[in-house]
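Under the working numbering, the first residue of the sequence shown carries the number 14, and numbering increases by one thereafter. Cβ atoms here follow ideal geometry from the backbone N, Cα and C, with glycine treated the same way. Reviewing the structure listed below.
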Amino acid sequence: MDAETLSRRTLRFVNVAHALDHFVLLIYPTAVIAIAAQTGLGYGELIGLATGAFVAFGLCSLPMGWLADRFGRRTMLAIFFFGYGLSCLGVASAASPTAFAIWLCVLGLASAIYHPVGSAMLVTHAARLGRDLGVNGVWGNAGAATASGMTALLAATLGWQAAFIVPGLICLACGAAFLALVPGDGEGSRGKAGGAPIIPVARPVPLLTAFAFAIIAGGMTFNITTIALPKVVDERVGTGLPLAFIGSVATLVFAFGALTQLVMGRLIDRYSLPALFLGLSILQPLGLGIAAVSTGLPLLAGLVLTMAALYGQVVINDAMVARYVPAAYRTRAYSVRYFLGFTVSGFVVPMIAVLHDRGGFSLVLGVATSFGAVIFASAVGFFALTRTGASRPHAAAE
């Protein structure tokens, strides 16, 4: 197979995998509403069972870069498809809280593969880094956006088990197609976007520290918002709403993030990453603050603003790794990036349960606002450090 065809096919499957990664991980936060109605268990107790999934999602992302370097990125992405499919079927078969916790943990383990491996594959095969990162982000956002609506529809019509069975079968089919159509990893030939000049910095340690704080705080705000969104809509937009309507509203809120990712992808190819990072960081604490003190339509407006900022930030973060880290270390750098963001944020699930029981979603969103303020402060520091750094580009890292 020629390199151009390999790159095109690889990007397609990487995009599909991104959509599935976010879709499947967000099935449970919506399905839990139907599970609670069927079992009589409380929301706090049931949502807490997903703690293992989100901890594994982050914790296990760290070794995935090393495993990809050892066994190949194609192999690891295939394991992602098949592992996700089998774990979905396992959750659908669960009949006790213990079984839910175990299978959700397995699901989180499979989910941990995508971001460090898929991001490195995307950068290698991209023709234009910003544009392809933006498109990939839209696929991930589409998965997150449709998760609530499709889960609610399947749970309301066929039962909550179908909300896991249908995506599980799709994951297995995608895995088989991926192995049949993508014969190897390849080095890419689509413009060598991954070989763009590395941006030099004069003070790498303070810069990495600021970026790490932004990643950790961003992981907290991302997971607080995406996990709690269906229940926030259920409680604070209106009482007694049908599950299908709750899922549809949540889907609409997620959908606004897609536009931001497309815009950010285009801007990355044209403007300074630190400046874009700083401008976008203002929106998270603003949107979360509005959502924390309001209900109804103002609440939805705050959530839309937050979701746009969250998903735009994902594109910025991935572009920073691609532009500041040499290609030889990029897969491992993505592993560390997602390890920091997702491991810490894995503790969001029990935190939501505790905060919700004590102060409702006003307290939950208020805490999220404080993490948004940390992101803004980190962006200010990052911008200041890069302004005082070197300005001449180094040679391409490839």
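Could you spell out the range, first to last residue, of the alpha helix (DSSP H) harbouring residue i?
i      : result
Pro126 : Reading off the sequence, residue 126 comes out as Ile, not Pro. Note, Ile126: premise wrong, no alpha helix (DSSP H); not H, not E.
Cys184 : 175-194
Leu313 : 309-337
Cys101 : 86-105
Leu299 : 296-305
Gly231 : 217-249
Phe26  : 16-38
Ser375 : 361-400
Ser161 : 142-171
Leu7   : Outside the displayed span of the chain (14 to 411) sits residue 7, for which this structure offers no information.
Tyr284 : Unbroken run through Tyr284: none, as it is neither H nor E.
Tyr342 : First-last for Tyr342: undefined, no H or E at that position.
Gly199 : Where Gly199 is concerned, there is no enclosing alpha helix (DSSP H), given that its DSSP letter is neither H nor E.
Ala55  : First, the amino acid is wrong: residue 55 is Gly here, not Ala. Here Gly55 belongs to no alpha helix (DSSP H), and DSSP marks it neither H nor E.
Assuming residue i contacts residue j (C-beta within less than 8 Å), just tell me the rounded distance between them.
i      : j      : result
Tyr351 : Pro129 : 6 Å
Met134 : Arg83  : Incorrect: roughly 16 Å between the Cβ atoms, too far for contact.
Pro180 : Cys118 : Their Cβ separation, rounded to whole angstroms, is 18 Å, which puts Pro180 and Cys118 out of contact at 8 Å.
Val148 : Asn28  : 7 Å
Val338 : Met277 : Rounded, the Cβ-Cβ distance is 19 Å, inconsistent with contact.
Leu275 : Arg336 : The Cβ separation is near 19 Å, so there is no contact.
Thr238 : Ala381 : 6 Å
Ser391 : Ala223 : 5 Å
Ser348 : Ser74  : 6 Å
Judging by CA-CA distance, which residue of the options is the nearest neighbour of residue i?
i      : options                        : result
Ala81  : Tyr127, Leu39, Leu62, Leu117   : Tyr127
Phe113 : Leu24, Phe67, Ala63            : Ala63
Thr399 : Val37, Pro76, Gly372, Pro219   : Pro219
Ala241 : Gln51, Ile48, Ile365           : Ile365
Gln297 : Pro110, Ile46, Leu323          : Leu323
Val262 : Gly162, Ile281, Phe384         : Gly162
Asp247 : Ala47, Gly300, Gly98           : Ala47
Val330 : Phe290, Asn236, Phe384, Asn154 : Looking at the sequence provided, one finds Asn at residue 330 rather than Val. Checking every option, the nearest Cα to that of Asn330 belongs to Phe290.
Arg25  : Gly325, Glu58, Leu90, Ile388   : Leu90
Leu293 : Gly231, Pro363, His31, Leu221  : Gly231
Val151 : Ala32, Thr111, Ser74           : Ala32
Leu185 : Thr111, Phe94, Leu313, Gly385  : Phe94
Asp34  : Thr88, His138, Leu171, Leu122  : Leu122
Met333 : Asp282, Gly197, Ser106, Leu299 : Asp282
Phe360 : Asn236, Gly98, Trp173, Arg21   : Asn236
Asn154 : Leu301, Ile295, Leu280, Thr264 : Thr264
Ala193 : Gly373, Thr88, Gly65           : Thr88
Ala225 : Thr170, Gly55, Phe389          : Phe389
Val362 : Ile295, Tyr56, Gly315, Leu313  : Tyr56
Would you call the CB atoms of residue i and residue j closer than 9 Å?
i      : j      : result
Val357 : Ile229 : yes
Leu160 : Ile40  : Looking at the sequence provided, one finds Ala at residue 160 rather than Leu. The answer is yes: Cβ separation under 9 Å.
Gly244 : Ile92  : Before going further, note that residue 244 is Lys rather than Gly in the sequence given. Their beta carbons are not under 9 Å apart, which means Lys244 does not touch Ile92 by this criterion.
Leu378 : Ala305 : yes
Val387 : Ala227 : yes
Ala158 : Leu167 : no
Ala107 : Ile115 : yes
Taking 8 Å as the cut-off, is the CB of residue i close to at least one heavy atom of the ligand ZN?
i     : result
Ile60 : As far as ligands go, the structure on display features none, and thus does not contain the ligand ZN.
Pull up the distance between the alpha-carbon of residue i and that of residue j, whole angstroms please.
i      : j      : result
Phe269 : Val317 : 6 Å
Gly103 : Leu120 : 9 Å
Ala403 : Pro217 : Reliability of the predicted coordinates at Ala403 is poor, the pLDDT of 46 falling under 50, and no value is obtained from them.
Arg249 : Gly188 : 39 Å
Phe396 : Ala165 : 42 Å
Gly143 : Thr52  : 46 Å
Met416 : Leu272 : What the structure shows of the chain is the stretch from 14 to 411, and residue 416 is not part of that stretch, so it cannot be assessed.
Ser307 : Thr23  : 44 Å
Ser132 : Ile303 : 32 Å
Thr234 : Asp15  : 42 Å
Gly354 : Gly71  : 7 Å
Gly78  : Arg345 : 5 Å
Val37  : Phe177 : 8 Å
Phe67  : Phe191 : 26 Å
Ala44  : Asp370 : 20 Å
Leu19  : Val195 : 7 Å
Ile183 : Phe267 : 22 Å
Gln326 : Gly385 : 12 Å
Ala30  : Pro76  : 19 Å
Gly197 : Trp173 : 37 Å
Arg21  : Leu146 : 14 Å
Asp280 : Ser383 : Before going on, a small fix: residue 280 reads as Leu here, not Asp. Roughly 27 Å between the two C-alpha positions.
Ala49  : Thr111 : 15 Å
Leu312 : Ala340 : 42 Å
Ala169 : Leu310 : 25 Å
Arg343 : Leu54  : 44 Å
Gly315 : Tyr97  : 32 Å
Does the beta carbon of residue i sit closer than 9 Å to a beta carbon anywhere in chain C?
i      : result
Phe290 : The question asks about chain C, but that chain is absent: this structure has only one protein chain.
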